[in-house]
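> Position 44 (the sequence shown) corresponds to 44 in this note's numbering; numbering is contiguous.
Input: one structure, supplied below.
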Amino acid sequence: MSKLAYNVNTVEETGANVLLSANENFTNFNAVMIGHEVLTKGFSAFQFVPGTNDTVIVAIKSQELARLPFASFIMVFTIHGRIILDETRIPGDIKYEGISFLTEEYLKTLYNQ
């Protein structure tokens, strides 16, 4: 969610730290700031943590700068903006764009096939 229109020359510095949510009818919206804004990083993936009633999120932030290798960061926070795990660099020069949880129930289905 950039505050500026897309521009190929400045796209590397238009990251955001906002969680947008809506009710099931899309009649009520909410915006929550997540941590400190770092314009060179933006969220690339998130998942609700199982067993938290959709109140805790694990997210990946990416940094993709022409002059530096890719970088990915993991963080955990609540839907109200409380940081549980601050941005932590994931080792390696890789841009991650997805998160999955393998629950015990899902793993059982794999072994029973």
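For every residue, glycine included, the Cβ atom is placed at its ideal position computed from N, Cα and C.
Name the two residues that bound the continuous alpha helix (DSSP H) containing residue 120.
Outside the modelled stretch of the chain, which goes from 1 to 113, sits residue 120, for which no answer is possible.
> Which of helix, strand or coil does DSSP assign to residue 45?
Here residue 45 sits in strand by DSSP.
> List the whole-angstrom C-beta distance separating residue 56 from residue 48, where the pair is believed to meet the contact cut-off of C-beta under 8 angstroms.
Indeed they touch by this definition, with Cβ atoms about 7 angstroms apart.
> Kindly say whether residue 77, judged by its beta-carbon, lies nearer than 8 angstroms to any beta-carbon of chain C.
Any reference to chain C falls outside this structure, which holds one protein chain only.
> Please classify residue 93: does DSSP put it in a helix, a strand, or coil?
Three-state result, residue 93: coil.
> Can you find the residues in the same chain that come closer than 7 angstroms, C-beta to C-beta, to residue 94, ignoring five residues on each side of it along the sequence?
70, 72.
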